[in-house]
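S.K.: Per the working numbering, the sequence shown starts with residue 1, numbered consecutively.
Ideal Cβ placement from N, Cα and C applies to all residues, glycine included.
All of these numbers come straight from a predicted model, not from anything done at the bench.
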Amino acid sequence: MKTTKRESNYRTLPTDIGDLALKRNYTPSAGDKHFLDRTVSRRWSHLAVAIHLMVFRNLGYFVPLARVPDRIRTHIASCLGLVRMPPPSTLEKYDTSGSKRTHIEALRAYLGVKPFRKESEAWLFDVALRAAETKHDVSDIISVLCEELVHHAYEIPAFEEVLKKTADRAQRQVTDQHLGRIATALTPATRKVIDELLTRRPGDILTGWQQLKREPRAPSPHEARAMLHHMQRLKHLADQMPAVDIPQPKLRAYRHWARALDATELSRLQPGRRYGLAVIYIHAQRGQAVDDIIEVFLRLMQNLDNTARRNLLAYQIQNSERADELVGQLKALLVAYQKKGSNRRRFLAMESALIRDALSLEEACDEHLAFAGKNYLPFLLNPYGSVRGQLLDCLEFAGIQSADDQSPTWHWLQRLLGKLRHMRKVEVTCAQLGVEPSDLDWLSEFWPKQVLLRRRGRADTSESPVSGIGHNLQRTRRTQVGRPVRAEGRRAR
Numbered sequence: 001m002k003t004t005k006r007e008s009n010y011r012t013l014p015t016d017i018g019d020l021a022l023k024r025n026y027t028p029s030a031g032d033k034h035f036l037d038r039t040v041s042r043r044w045s046h047l048a049v050a051i052h053l054m055v056f057r058n059l060g061y062f063v064p065l066a067r068v069p070d071r072i073r074t075h076i077a078s079c080l081g082l083v084r085m086p087p088p089s090t091l092e093k094y095d096t097s098g099s100k101r102t103h104i105e106a107l108r109a110y111l112g113v114k115p116f117r118k119e120s121e122a123w124l125f126d127v128a129l130r131a132a133e134t135k136h137d138v139s140d141i142i143s144v145l146c147e148e149l150v151h152h153a154y155e156i157p158a159f160e161e162v163l164k165k166t167a168d169r170a171q172r173q174v175t176d177q178h179l180g181r182i183a184t185a186l187t188p189a190t191r192k193v194i195d196e197l198l199t200r201r202p203g204d205i206l207t208g209w210q211q212l213k214r215e216p217r218a219p220s221p222h223e224a225r226a227m228l229h230h231m232q233r234l235k236h237l238a239d240q241m242p243a244v245d246i247p248q249p250k251l252r253a254y255r256h257w258a259r260a261l262d263a264t265e266l267s268r269l270q271p272g273r274r275y276g277l278a279v280i281y282i283h284a285q286r287g288q289a290v291d292d293i294i295e296v297f298l299r300l301m302q303n304l305d306n307t308a309r310r311n312l313l314a315y316q317i318q319n320s321e322r323a324d325e326l327v328g329q330l331k332a333l334l335v336a337y338q339k340k341g342s343n344r345r346r347f348l349a350m351e352s353a354l355i356r357d358a359l360s361l362e363e364a365c366d367e368h369l370a371f372a373g374k375n376y377l378p379f380l381l382n383p384y385g386s387v388r389g390q391l392l393d394c395l396e397f398a399g400i401q402s403a404d405d406q407s408p409t410w411h412w413l414q415r416l417l418g419k420l421r422h423m424r425k426v427e428v429t430c431a432q433l434g435v436e437p438s439d440l441d442w443l444s445e446f447w448p449k450q451v452l453l454r455r456r457g458r459a460d461t462s463e464s465p466v467s468g469i470g471h472n473l474q475r476t477r478r479t480q481v482g483r484p485v486r487a488e489g490r491r492a493r
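1) In chain order, what residues of the same chain have a beta carbon less than 8 angstroms from the beta carbon of residue 87, not counting five sequence neighbours either side?
2) From residue 422 to residue 260, what distance separates their C-alpha atoms?
3) Taking contact to mean at least 3 C-beta pairs separated by less than 8 angstroms, is the region 339-350 in contact with the region 271-288?
4) Based on the DSSP secondary-structure assignment, which residues constitute the bridge partners of residue 154?
5) What are the start and end residues of each continuous alpha helix (DSSP H) run of 4 or more residues lying completely inside the region 145-220, in chain order?
6) Are the region 31-48 and the region 89-108 touching by the rule of at least three beta carbon pairs closer than 8 angstroms?
7) Alpha carbons only, please: which of 171, 394, 39 is nearest the one belonging to residue 99?
8) Looking at residue 452 and residue 435, is the spacing between their C-beta atoms short of 9 angstroms?
9) Threshold first: 4 residues or longer. Then list the alpha helix (DSSP H) segments lying entirely within the region 230-295, N to C.
10) Compare the beta carbon distance of residue 124 and residue 174 with 9 angstroms and say whether it is the shorter of the two.
11) Just the C-alpha distance for residue 76 and residue 164, rounded to the nearest angstrom, thanks.
12) So, do the region 259-275 and the region 356-374 have three or more beta carbon pairs nearer to each other than 8 angstroms?
13) What is the residue span of the alpha helix (DSSP H) that residue 389 lies within?
14) With respect to 8 angstroms, is the separation between the Cβ of residue 211 and the closest non-hydrogen atom of the ligand FMN below this value?
15) Quick one: measure Cβ to Cβ for residue 112 and residue 153, integer angstroms, because I've assumed they're closer than 8 angstroms.
16) Quick one: residues in its chain with C-beta nearer than 8 angstroms to the C-beta of residue 145, no 5 flanking neighbours on either side, listed in chain order?
17) As a quick exercise: from 210, 69, 245, 36, pick the residue whose alpha carbon is nearest that of residue 22.
18) Given a threshold of 16 other Cβ atoms within 10 Å of its Cβ, counted over all protein chains shown, does residue 96 qualify as buried or as exposed?
19) Tell me which residues share the same chain as residue 297 and place their Cβ nearer than 6 angstroms to its Cβ, disregarding the 5 neighbours each side in the sequence.
20) Roughly how far, in whole angstroms, is the beta-carbon of residue 13 from the beta-carbon of residue 63, given that I think they are within contact range, below 8 angstroms?
21) By Cβ distance below 8 angstroms, which residues in the same chain neighbour residue 232 in space, the five residues on each side in sequence not counted?
22) For residue 150 and residue 60, which I take to be in contact (beta-carbon distance under 8 angstroms), what is that distance rounded to the nearest angstrom?
23) For residue 206, is the classification buried or exposed, using 16 other Cβ atoms within 10 angstroms of its Cβ as the cut-off for buried?
24) Taking DSSP as the reference, what is the three-state secondary structure of residue 321?
25) At the level of alpha carbons, what is the spacing between residue 240 and residue 214?
26) Nearest to residue 140 by alpha carbon, out of 308, 170, 117, 306?
27) Kindly give me the distance between the Cβ atoms of residue 133 and residue 247, rounded to whole angstroms, as I take these residues to be in contact under 8 angstroms.
28) Can you tell me whether residue 55 is helix, strand or coil according to DSSP?
29) Would you mind giving the Cβ-Cβ distance between residue 278 and residue 253, rounded to the nearest angstrom? I have them listed as a contact below 8 angstroms.
30) For residue 160, tell me which candidate among 450, 8, 238 has the shortest Cα-Cα distance.
31) Starting from residue 10, trace the alpha helix (DSSP H) both ways and give me its first and last residue.
32) Which whole-angstrom value is the C-beta distance of residue 408 and residue 442, which I expect to be below 8 angstroms?
33) In or out: residue 155 buried (at least 16 other Cβ within 10 Å) or exposed?
34) Over the uninterrupted alpha helix (DSSP H) stretch that includes residue 434, give me the two end residues.
35) Hey, how far is the Cα of residue 244 from the Cα of residue 292?
36) Under the rule that 16 or more other beta-carbon atoms within 10 Å means buried, what is residue 135, buried or exposed?
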């Protein structure tokens, strides 16, 4: 790609300049005028030197007077008290005269700069190499060169002949060093693995290289399984590759470069670049796959959330008559309670007001209260069964970590996930998990009601963590949107 002057901080003369910028940047100071008066005697030479002075101040290098826009030349002339401009031929003659060389030397002494000569090229290339270690775009390297030249009081040399060539050469050398170092670390076996990625096997539509570029699709159990398979393959590939120690800006550029190449284009590169880019992209895709796995996990959880909310709404609509019945029962009990007479008479009135046995009514109340405050969590259990394995796989492959490794919550969460990973039941006992009920004190106030079951008539130690969500599902399994829920969950796979 061709690098232009506009992409770097290499300054050029403006084609259109406003009054404010013209006055601020191209007006000679009193000191400048004093220098001009003692350096130049002839009127037109006086103007020519003034133009060179002001242009250098803004660009950092000298340009032929013919390339300076008329508006800038006219403004400088008026600042010097000239009422008319000399003919263009006069300025052209000055640019080829011996006087110009003398005046340029005087200008350099006045400005405190030195010309860029051939003996400075080695120093400039060294600057370019250091810049290329962290910057990939040639225009960015050129910008660093310009800054260093100004810092060391050099005239800025020609763009194409010096700056661009130097930056190009440094960028190529650093790129070859970075990628070559990676390629050298490869074993013959890993080189063969990369070579196989760049060829299409019989019967395959895509090469292994193209398959590395797989993007996540719409969330579904099938997509989650495909992503997990892709993640396993990438992990296996990346584990065979050497580590990459390259500054992030360069690494990002190499990754984009590798992604833009198809298998054929990558195969045509020299071996050092081919293998280096392949290794970088494999590591990058492994990192991207972790992000994709998290995205799939979040999408699956969002689908579960949406399904549970819809099921809660359907359940509430389906059981609205029960709510009316319970409110009517409450009113009847209140009326009976307010009857005049002895406590026994009121108790008998309340007993006769019951529409069915008290235990049945209590269970109906518990079932209704289970969904108070739009609690849809019990309805997660049914859809959760079909994606349980994928969700746990996502967490395992993502390698989630806690910001606080000493957190007891993180310790117990890891332990429980490790145990539940290989259990297919909805309900498991504390003994099966190898924990005591007191070990679960880290659960916040909301969650014990959702994930711990308390058996009627049993001691507190009967509380059992549940591998799905649903303290109150014990009471609602026969009524969840008209479908029974089995005591044992679906298989995860």
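M.R.: The structure says:
1) To locate residue 87, count along the sequence shown from 1; it is residue 87. Cβ within range, chain order: n/a, list empty.
2) As a position in the sequence shown, residue 422 is number 422, starting the count at 1. As a position in the sequence shown, residue 260 is number 260, starting the count at 1. Each residue's alpha carbon lies about 42 angstroms from the other.
3) no
4) Here the question's residue 154 lines up with position 154 in the sequence shown. In DSSP, residue 154 forms a bridge with 114.
5) Runs found: 165-184, 188-197, 208-212.
6) yes
7) Within the sequence shown, residue 99 is the residue found at index 99, counting from 1. Of the candidates 171, 394, 39, the one whose C-alpha sits nearest the C-alpha of residue 99 is 39.
8) Here residue 435 refers to the residue found at position 435 of the sequence shown. Here residue 452 refers to the residue found at position 452 of the sequence shown. No; because the gap between Cβ atoms is not below 9 angstroms, this pair is not in contact.
9) The region 230-295 contains, as complete alpha helix (DSSP H) runs of 4+ residues, the segments 248-260, 263-268 (chain order).
10) As a first step, residue 124 is located in the sequence shown; it is residue number 124 there, counting from the start. As a first step, residue 174 is located in the sequence shown; it is residue number 174 there, counting from the start. Residue 174 is positioned such that its CB atom lies no closer than 9 angstroms to that of residue 124.
11) As a working mapping, residue 76 is identified with position 76 in the sequence shown. As a working mapping, residue 164 is identified with position 164 in the sequence shown. Whole-angstrom Cα-Cα distance: 32 angstroms.
12) no
13) In the sequence shown, the residue the question calls residue 389 occupies position 389. That run of the alpha helix (DSSP H) goes 381-398.
14) For the structure depicted, the ligand FMN is absent and the ligand set is empty, with no information on it obtainable.
15) Translated into the one-based positions of the sequence shown, residue 112 becomes position 112. Translated into the one-based positions of the sequence shown, residue 153 becomes position 153. At roughly 6 angstroms, the Cβ-Cβ gap stays under 8 angstroms, so residue 112 and residue 153 are in contact.
16) Along the sequence shown, read from residue 1 onward, the residue named residue 145 stands at position 145. 124, 127, 128, 131, 163, 166, 167.
17) Numbered from 1 along the sequence shown, position 22 holds the residue referred to as residue 22. It is 69.
18) Within the sequence shown, numbered from 1, the residue matching residue 96 stands at position 96. Exposed, since its Cβ has fewer than 16 Cβ neighbours within 10 Å.
19) Indexing the sequence shown from 1 puts residue 297 at position 297. Correct list, in chain order: 394.
20) Reading the sequence shown from its first residue, position 13 is the one you call residue 13. Reading the sequence shown from its first residue, position 63 is the one you call residue 63. Contact holds; Cβ gap of about 7 angstroms.
21) Position 232 of the sequence shown, counted from the first residue, corresponds to residue 232. In the same chain as residue 232, and ignoring 5 residues on each side of it, the C-beta atoms closer than 8 angstroms to its own belong to 397, in chain order.
22) As a first step, residue 150 must be located in the sequence shown, where it is residue number 150. As a first step, residue 60 must be located in the sequence shown, where it is residue number 60. Their Cβ separation, rounded to whole angstroms, is 6 angstroms, which keeps residue 150 and residue 60 in contact under 8 angstroms.
23) For the purposes of this step, residue 206 is taken as residue 206 along the sequence shown, with counting starting at 1. Residue 206 should be labelled exposed.
24) In the sequence shown, residue 321 corresponds to position 321, counting from 1. Looking at residue 321 - three-state DSSP - the assignment turns out to be helix.
25) Translated into positions along the sequence shown, residue 240 becomes position 240. Translated into positions along the sequence shown, residue 214 becomes position 214. Between residue 240 and residue 214, the C-alpha separation is close to 20 angstroms.
26) For the purposes of this step, residue 140 is taken as residue 140 along the sequence shown, with counting starting at 1. If we check each option's Cα against that of residue 140, 170 comes out closest.
27) Working through the sequence shown from its first residue, we reach residue 133 at position 133. Working through the sequence shown from its first residue, we reach residue 247 at position 247. Rounded, the Cβ-Cβ distance is 6 angstroms, consistent with contact.
28) To locate residue 55, count along the sequence shown from 1; it is residue 55. In this structure, residue 55 counts as helix in the three-state DSSP scheme.
29) Counting from one through the sequence shown, the residue named residue 278 turns up at place 278. Counting from one through the sequence shown, the residue named residue 253 turns up at place 253. The Cβ separation is near 15 angstroms, so there is no contact.
30) Locating residue 160 in the sequence shown gives position 160, where the first residue counts as 1. Closest in C-alpha terms to residue 160, from the list 450, 8, 238, comes 8.
31) Counting from 1 along the sequence shown, the entry for residue 10 is found at position 10. Taken as a continuous stretch (DSSP letters only), residue 10 belongs to no alpha helix (DSSP H), as it is neither H nor E.
32) Translated into positions along the sequence shown, residue 408 becomes position 408. Translated into positions along the sequence shown, residue 442 becomes position 442. Taking a contact as a CB-CB distance under 8 angstroms, the pair residue 408 and residue 442 counts as one, their CB atoms being some 6 angstroms apart.
33) Along the sequence shown, one-based indexing puts residue 155 at 155. With 16 or more Cβ atoms within 10 Å of its Cβ, residue 155 is classed as buried.
34) Against the sequence shown, residue 434 aligns to sequence position 434. Per DSSP, residue 434 belongs to no alpha helix (DSSP H) and is neither H nor E.
35) The residue given as residue 244 occupies position 244 in the sequence shown. The residue given as residue 292 occupies position 292 in the sequence shown. Whole-angstrom Cα-Cα distance: 22 angstroms.
36) If you number the sequence shown from 1, residue 135 lands on position 135. Looking at its Cβ environment, which holds 16 or more other Cβ atoms inside 10 Å, residue 135 is buried.
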